[in-house]
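Below is one structure, written out as structure tokens, with a few remarks after it.
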Amino acid sequence: MIQKPKGTYDVYGDYSKKVKYVEKVIESLMKMYNYEYNRTPIFESSNLFHRGVGETSDIVSKETYDFKDRGDRDMTLRPEGTAGIVRSYIENKKYSDPNVPLKEWYYGPMFRYERPQSGRFREFHQFGVEVFGSNNPLLDAEVISIPVNLYRLLGLKGIKVNINSLGDSDSREKYRKALLKHFKPHLKELCSDCKKRYKKNPLRILDCKVDHDKKCMDKAPKILDYLSDDSKKHFEEVKKYLDLMDIEYTVNPNLVRGLDYYTNTVFEVEADIKDFGANNVLCGGGRYNNLVETLSGPKTEAVGFALGMERLMSALESENVDMEINTLDVYIIPMSEKEMDYSYSLCQTLRLSGFSCDIDYMNRNMKANFKQADRLNTKYIIIIGDEEVKSEIITIKDNKLKKEYKIPADELIEFLDNNIEED
Ligand code: HAM
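Residues in the sequence shown are numbered consecutively from 4, following the numbering used here.
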């Protein structure tokens, strides 16, 4: 038997209904925030991620799915969404559009060659947003508010928001020097990756999963002590707007994030749920004011975030959050083969009038049909017999209240309109 690749999974049955429900909530949230949907390719030139996400990030140095296409070009399955959205911003010259800030959202599969475990997949799905063209701290706070409000809308309670500032280039340069000075006498204690990070990007040492318990980590200088006046002011404003929106947060000075492109604000939201497991970061993001320029675009300030759908789904399941599983509006039961044509054209009419409708294709007996209607979570059952076809009077049964009505066929749509609420 051919099996699915390691670290991937199939979405079907009730789980797929829950995923679709959450996707619907995301879509309506993005409408409320007035963000535009952008779909970029699942694979891009490898260079984009090397230059965009950064050579020192684990994602690019160890985890990408790289391949040569038949034209001998180096391609990579996208490990995250930001680099592609930035490429699309530059390539389509969106910077010359007077619609500023440009606020975009995306959703789709991402690929990282990681060791599969709970909450960590090789193919996973991200919902994210990217906002271009403004350094307004209100937008940093707005971006943080999006996942928080999504969790609120879905009814997920156990979350913790961590924020930090990595400062602007000046603050970062001073901090980099302080880190180099601090870690120099400890280099021998650090893992081989951190030795490389020391040379290329010492900030990332603070994010190391191997060395994080070492004493020299605790004593490392803190970025917040090195922020320039502008960066400090920016961070204060972000916090002010979060307070305004009633969003609780913790300032965590060790939060550096695993990608190289951040400047100033960074944040992560953790699942604060008992026994959730180690991979509890539900989402993360921050400001990246230099990335557009790094990828050969004009200097453009930007901020964004992405959340992992798989972790969100397991947080919702761990907290037993009720996820509206779709119901079927109408299930039609033809009493015999003779009534199939009439029944199926009724089914077609109902579908085209906007009702979800299904029919017994299997010629089941009545008892089995009622069971099937329950399995499909049916609101109304219509039974079509010889009598109904002749009289054009339809018997319709409320499957929950177990009440029966007789309705002339030409009044059926009106009846359903009045009795079925839109999802
Ligand atoms: P990231 O922190 O690498 O950020 O990923 C964001 C989220 O994707 C994580 O918090 C996690 O929920 C989910 N995730 C990451 N890797 C996996 C995996 N292997 N399996 C399951 N879920 C995973 C980014 O990707 C940035 N592009 C976010 C961003 C957007 N920053 C600015 N704009």
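For each residue, glycine too, the CB sits at the ideal point set by N, CA and C.
Terminal residues of the beta strand (DSSP E) in which residue i lies
i    : result
M369 : Here M369 belongs to no beta strand (DSSP E); instead the alpha helix (DSSP H) covers 369–378.
Y383 : 381–387
H237 : That residue, H237, is in no beta strand (DSSP E); its alpha helix (DSSP H) goes 232–247.
S168 : 162–168
A144 : Where A144 is concerned, there is no enclosing beta strand (DSSP E), although the alpha helix (DSSP H) it sits in stretches over 140–157.
D361 : 360–362
M427 : Given that the chain is displayed from residue 4 to residue 426, the structure contains no residue 427 and the question cannot be resolved.
C350 : Careful: C350 lies outside any beta strand (DSSP E), inside the alpha helix (DSSP H) at 343–355.
G287 : 284–290
Whether residue i touches residue j by CB criterion (7 Å)
i    : j    : result
Y291 : Y264 : yes
K382 : T330 : yes
L80  : F130 : no
S168 : S234 : yes
N165 : E83  : no
S359 : D377 : no
G111 : A274 : no
I93  : L298 : yes
A86  : V56  : yes
K106 : V151 : no
A281 : P224 : no
L209 : V259 : yes
W284 : E342 : For clarity, residue 284 is Val in the given sequence; the question names Trp instead. Not in contact: V284 and E342 (Cβ atoms no closer than 7 Å).
G289 : F127 : no
L294 : V89  : yes
V28  : L156 : yes
S91  : T43  : yes
G1   : P119 : Outside the displayed range of the chain (4 to 426) lies residue 1, so it cannot be described from this structure.
L142 : V306 : yes
M248 : S148 : yes
R115 : E39  : no
I362 : I387 : no
Y229 : S317 : no
I384 : K370 : no
L32  : L153 : yes
K409 : T398 : yes
I328 : K20  : yes
A313 : F52  : Contrary to the premise, residue 313 reads as Glu rather than Ala in this sequence. The answer is no: Cβ separation not under 7 Å.
S49  : D17  : no
S321 : I276 : yes
H237 : P140 : yes
P428 : L190 : Only positions 4 to 426 of the chain appear in this structure, which leaves residue 428 out of reach.
K203 : T59  : yes
S346 : P337 : yes
V269 : A144 : no
Residue i beta carbon near the ligand HAM (any heavy atom closer than 6 Å)
i    : result
A281 : no
Q120 : no
T85  : yes
R54  : no
E313 : yes
R207 : no
A309 : yes
E117 : yes
G288 : yes
F124 : yes
Q351 : no
F127 : yes
V25  : no
R333 : Reading the sequence as shown, one finds Val at residue 333 and not Arg. Outside the cutoff, so no.
G131 : yes
V284 : yes
Extent of the continuous alpha helix (DSSP H) to which residue i belongs
i    : result
V63  : 61–65
P83  : For the record, residue 83 in the displayed sequence is Glu; it is not Pro. Run containing E83: none; DSSP gives neither H nor E here.
Y98  : No alpha helix (DSSP H) contains Y98, which DSSP labels as neither H nor E.
K218 : 218–221
F52  : 49–55
Residue-level contact to chain C via CB, residue i, 7 Å cutoff
i    : result
I396 : Annotation note: the requested chain C is absent from the structure, which comprises a single protein chain.
Q. What beta strand (DSSP E) runs, 3 residues minimum, are completely inside the region 302–326?
A. Here the runs fully enclosed are 305–311.
(Q) Restricting to runs no shorter than 4 residues, where is the alpha helix (DSSP H) found entirely within the region 173–204? (A) 195–203
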